[in-house]
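What follows is a set of notes on a single structure, which appears directly below.
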Amino acid sequence: MGTEGENLHIVFFPLMAPSHMLPMVDIAKLAAARGVRSTVLTTPANASLVSRTIELANSSLPIPIGLHLISFTPTSGLPSCCENLASIDSDDARVKMFGALYKLSGPFDDALCDLRPDCVVSDWFMPWTYDITVAHGIPRVVFLGSNFFSMCALHAVEQHKDYEKASPDATAAIVIPGLPHRIEIFRSQIMDLTMAPPEFREIVLQASAVDRKSFGEVVNSFYELEAEYYEYYTKEMGKRAWHVGPVSLCNRDPAAMRARGAAENDGRCLRWLDEQRKPCSVLYVCFGSLSIISDEQLRELAKGLEAADHSFILVVRKSGDEWMPEGFEDRVKEKGLVVRGWAPQIEILAHRATAGFMTHCGWNSSLEGICAGLPMLTWPMFAEQFYNERFLVDVLKVGVAVGSKEHVVSHEKRNDVIGAADVEAAVRKFMAEGKEADERRRRAMELGEMARMAMEEGGSSYNDMGKLLQDLKELRTGKVVAGQH
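For the sequence shown, UniProt numbering gives the first residue as 1, with consecutive numbering after it.
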């Protein structure tokens, strides 16, 4: 490992959600392996999500990663002890949670006084950290929890606004102009911030405003995956960015993979996969830690999986059975496993029995599927996920769309329920043998190998991580100017 980070101290301050915390902790590990003094900042209730993975990493790092806790002020309307977005199951509570984050400004300011880092890496959704870092004379690097393609697509859509001419229920797709590939999307799949709660709109506007003022963006992606969109992002859009992923690949041994995001792990999923006699036969179904899915949609999904008659692991956030068709678990017990809560996703994806991944197209999950060399069955729901779907299906050609058509800014107002028959048809098509499926699998395995090479010494992401650390050193000596992109 290199020593580009010697004498640098970086504070990593992630948004309190697993899909944001875990990759940022992985980036802290990568920085620490290069000689950086890395400190992860979070609240007491979130410490259990990352403490074990940090503890394991510290056993082999030249400089141990620090874990600095700051107090979280409860907000009226939030469940007690709620300090993470994954523990929220309503739109109203989610808005209150984002509002509560602003109350961390005082503890964050105190932490910077105590730690005096050379740089702060904070989440895009925490724009209020910018003014505090400026007051301390500390550069802020933005953690962008998405990829270059989706950011380019969002930019192109907003620049041209052709979608505003189309009816929300239009059946004809819109071509996103100006991108390296022909990308089509339906009007109903485009995020409409006017439909979002005003508090959330304000956060997005603030985040966009301070993003360009920050020193740059660190992105969990790799050059070979989306070279044309990295070039578009940095040259056409004028952004300073470093691609340092796939960061999950820093967890090389099974213990590190299992500890990532889990307070405990009983190994049930992996034992079940070990019992599957046929390789590449199981469909892994998981929609991430933040998706809120209605009981009606879960029932249709379960019916479709049962009718498709392929082996599956279904991960659901809900702890109860009220969503489940009567007798479902008994009927599918020979072919299906239902997991409530957390599952060791990286290990499941890497298992020889796993054939593919039905995903909500969150970027972490999408990239973990790519790392595992798996084709994906795409079911986007919100945020930039519909753009990620187009990237997987149209650009990388490793995805098959289930048929989700409705982007939601309010999960409780979702109208689009995909029926069991459509789920069954999508699963059968995806799991079928044939030339098309073989080509998807070949392409997915090729991308998985590219991902691993990018993270090796001398690889594109390894080198760009070194460039980020060198740029921070030069910023400290005045050779690079913050805010000039």
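Note that the Cβ used here is the ideal one computed from N, Cα and C, for glycine as well.
Just so we're clear, the structure is a prediction, and the values are computed from it rather than from any experiment.
Going by beta carbon distance, what residues of the same chain come within less than 8 Å of residue i, once the five residues before and after it are set aside?
{"i": "Leu249", "result": "Cys371, Ala451, Arg452, Met455"}
{"i": "Leu73", "result": "The sequence as given places Thr at residue 73; Leu does not occur at that position. Result list for Thr73: Ala100, Lys103, Leu104, in chain order."}
{"i": "Glu449", "result": "Gly373"}
{"i": "Leu270", "result": "Pro344, Glu347, Ile348, His351"}
From the DSSP output, which residues share a beta bridge with residue i?
{"i": "His243", "result": "Val219"}
{"i": "Thr378", "result": "Thr359, Ala401"}
{"i": "Glu184", "result": "Val175"}
{"i": "Phe12", "result": "Val40, Val121"}
{"i": "Gly66", "result": "Thr39"}
{"i": "Thr354", "result": "Val282"}
Could you check where the beta strand (DSSP E) with residue i kicks off and where it finishes?
{"i": "Arg340", "result": "336-340"}
{"i": "His160", "result": "First-last for His160: 148-160, but that is the alpha helix (DSSP H), not the beta strand (DSSP E)."}
{"i": "Val142", "result": "140-144"}
Tell me which residues share the same chain as residue i and place their Cβ nearer than 6 Å to its Cβ, disregarding the 5 neighbours each side in the sequence.
{"i": "Ala263", "result": "With a pLDDT of only 45 at Ala263, under the threshold of 50, the placement of this residue in the model should not be trusted; the figure read from the coordinates follows. Cβ within range, chain order: Ser48."}
{"i": "Ser71", "result": "Pro107"}
{"i": "Pro197", "result": "Val95"}
{"i": "Leu447", "result": "Ile370"}
{"i": "Arg299", "result": "Trp323, Pro325"}
{"i": "Ala32", "result": "Ser38, Leu61, Ile63, Ile65"}
{"i": "Pro14", "result": "His20, Met21, Met24, Asp123"}
{"i": "residue 517", "result": "In the structure as shown, the chain starts at 1 and stops at 485, and residue 517 therefore has no counterpart that could be examined."}
{"i": "Lys473", "result": "none"}
Quick one: what's got a C-beta closer than 7 Å to residue i's C-beta in the same chain, skipping five residues either side?
{"i": "Lys303", "result": "Pro325, Ala420"}
{"i": "Ala166", "result": "Ile174, Arg187"}
{"i": "Asp109", "result": "Ile132"}
{"i": "Tyr163", "result": "Val157, Ile174, Arg187, Ile190"}
{"i": "residue 486", "result": "With the chain running from 1 to 485 in the structure shown, residue 486 is simply not present."}
With 8 Å as the threshold, decide whether the Cβ of residue i is near any Cβ in chain D.
{"i": "Glu300", "result": "Note that chain D does not occur in the displayed structure, where there is just one protein chain."}
Taking the alpha helix (DSSP H) that residue i falls in, what are its first and last residues?
{"i": "Leu283", "result": "Where Leu283 is concerned, there is no enclosing alpha helix (DSSP H), although the beta strand (DSSP E) it sits in stretches over 282-286."}
{"i": "Gln470", "result": "460-477"}
{"i": "Trp128", "result": "Unbroken run through Trp128: none, as it is neither H nor E."}
{"i": "Gly448", "result": "435-455"}
{"i": "Pro325", "result": "Element bounds for Pro325: n/a, residue is neither H nor E."}
{"i": "Lys29", "result": "18-33"}
{"i": "residue 486", "result": "Here the chain covers residues 1 to 485 and nothing more, so residue 486 does not appear."}
{"i": "Tyr230", "result": "227-231"}
{"i": "Met97", "result": "91-101"}
{"i": "Ile88", "result": "Run containing Ile88: none; DSSP gives neither H nor E here."}
{"i": "Ala57", "result": "47-58"}
{"i": "Leu205", "result": "198-211"}
{"i": "Pro107", "result": "105-115"}
{"i": "Arg271", "result": "268-274"}
{"i": "Arg277", "result": "First-last for Arg277: undefined, no H or E at that position."}
{"i": "Met431", "result": "420-431"}
So, do the segment 308-315 and the segment 330-341 have three or more beta carbon pairs nearer to each other than 8 Å? Judged by Cβ distances under 8 Å, the segment 308-315 makes contact with the segment 330-341, as three or more pairs qualify.
Validate contact between the segment 177-193 and the segment 428-435 using beta carbons, cut 8 Å, 3 pairs: For the pair of segments examined, the segment 177-193 was found not to touch the segment 428-435: the number of CB pairs separated by less than 8 Å stays below three.
Using a Cβ distance threshold of 8 Å, determine whether the segment 357-364 contacts the segment 382-389, with at least three qualifying pairs required. Taking a cut-off of 8 Å for Cβ pairs, the segment 357-364 and the segment 382-389 touch, as three or more such pairs fall below it.
Inspect the CB distances between the segment 54-63 and the segment 22-38 and report whether three or more fall short of 8 Å. Yes, the segment 54-63 touches the segment 22-38.
Tell me, please, whether the segment 204-224 touches the segment 135-150 by the rule of three or more beta-carbon pairs shorter than 8 Å. Yes: at least three Cβ pairs fall under 8 Å.
Minimum length 3: unbroken beta strand (DSSP E) runs contained in the segment 288-317: Listed in chain order, the beta strand (DSSP E) elements of length 3 or more contained wholly in the segment 288-317 are 311-316.
Sufficient close CB pairs (3 or more, under 8 Å) joining the segment 384-404 to the segment 273-287: Result no; under three Cβ-Cβ pairs closer than 8 Å.
Indicate whether the contact test is met: 3 or more Cβ pairs, each with one atom in the segment 108-124 and one in the segment 73-93, closer than 8 Å. As far as the Cβ criterion goes, the segment 108-124 does not touch the segment 73-93, which means the pair count is below three.
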